[in-house]
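Numbering (the numbering used here), first residue to last: 98 to 332. Cβ coordinates follow ideal geometry from the N, Cα and C atoms, glycine included. Reading through the structure tokens given below for one structure.
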Ligand SMILES: Nc1ncnc2c1ncn2[C@@H]1O[C@H](COP(=O)(O)OP(=O)(O)O)[C@@H](O)[C@H]1O
Ligand SMILES: [Mg+2]
């Protein structure tokens, strides 16, 4: 049994069918990506996993059906979402945003350890801890969003477009950290419009088009697929 098992997932916005019969799995320890063009349904898929929108079909995490659970309950199980556009609290400090990541937890010593770990991964966050989040650069804000997600102690990290709108050199650092975290055992479901970046770091990928999975396989096989190369990689 995979850590995350999604079967026949569909979701609607009014009459618009945003997800049609999506099935996917993520094994414990894997880094899997969902790739596809703008509007394909990638964000909707992560929102569905986090219990933020109504869906049909089943989502099982570690054997437990997530149907009917609140977003807070789902975070409590360790399904942690680092959302598109970061969604930080801009008027709160870096330190306060990180503390909010741990709001469901009471294990103070472990929270302190996790904060230390986040500061090691992203030293700039420690330097800027008293600074308001809204005054950080885009790349620093993305680091903070990932740091805040790590403060929830994820058992699976759902990462939505971590490269979006960020200077290439910072993207490289962020993707190094994503790989480091995964190498340390963190199961990750990565959503990216930047297909070559995603295929470089993941072991398997699902290609979404108009809310459907049109292709799934190892990153090597997907990168070798003619349609993927033409549509997303410009080759
Ligand atoms: N809140 C919303 N209300 C109505 N339609 C939406 C909403 N969010 C997304 N959509 C539509 O759902 C589809 C999938 O969007 P999204 O999941 O954001 O795609 P992606 O993340 O792959 O760019 C798009 O057609 C988009 O316009
Ligand atoms: Mg999106």
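Judged by DSSP secondary structure, residue 257 falls within the beta strand (DSSP E) whose first and last residues are 253-257. Comparing alpha carbon positions, the residue from 261, 244 and 262 closest to residue 254 is 244. Contact annotation, residue 142 with residue 116: C-beta distance approximately 6 Å; criterion of less than 8 Å satisfied. Counting along the chain, residue 102 sits inside the beta strand (DSSP E) bounded by residues 101-110. Going by DSSP, residue 198 is part of no beta strand (DSSP E) but of the alpha helix (DSSP H) stretching over 191-198. Rounded to the nearest angstrom, the gap between the Cα atoms of residue 124 and residue 300 is 11 Å. Considered as a whole, the stretch 207-262 harbours 220-224 and 235-247 as its complete alpha helix (DSSP H) runs of no fewer than 4 residues, in chain order.
Residue 224 has its alpha-carbon roughly 43 Å from the corresponding atom of residue 309. By the criterion of a C-beta distance shorter than 7 Å, residue 144 is surrounded in its chain by 150, once the five residues flanking it on both sides are discounted. Contact annotation: residue 98 and residue 154 have beta-carbon atoms that are not nearer than 8 Å. At least 8 Å separates the beta-carbon of residue 128 from that of residue 330. Contact residues of ligand 2 (beta-carbon closer than 7 Å to any heavy atom; chain order) are 139, 140, 181, 257, 258 and 288. DSSP places residue 154 in the uninterrupted beta strand (DSSP E) bounded by 152-158. If you compare the alpha carbons of 229, 313 and 247 with that of residue 201, the shortest gap goes to 247.
Rounded to whole angstroms, residue 241 and residue 318 show a C-alpha spacing of 33 Å. Distances taken from the Cβ of residue 136 to the heavy atoms of ligand 1 include one shorter than 7 Å. For residue 113, the shortest C-beta to heavy atom distance toward ligand 1 is below 7 Å. Here residue 279 is actually not in contact with residue 260; their C-beta atoms are around 16 Å apart, not less than 8 Å. In this structure, DSSP gives residue 279 a helical state, which the three-state scheme calls helix.
Note on geometry: alpha-carbon atoms of residue 298 and residue 262 lie some 19 Å from one another. Excluding five sequence positions before and after residue 257, the CB atoms of its chain that fall closer than 6 Å to its own CB belong to 140, 143, 180, 181 and 288, given in chain order. For residue 299, the secondary structure class from DSSP, reduced to helix, strand or coil, is coil. For residue 118, the closest C-alpha among the options 311, 324 and 316 is that of 311.
Distances between the C-beta of residue 329 and the heavy atoms of ligand 1 are all 7 Å or more.
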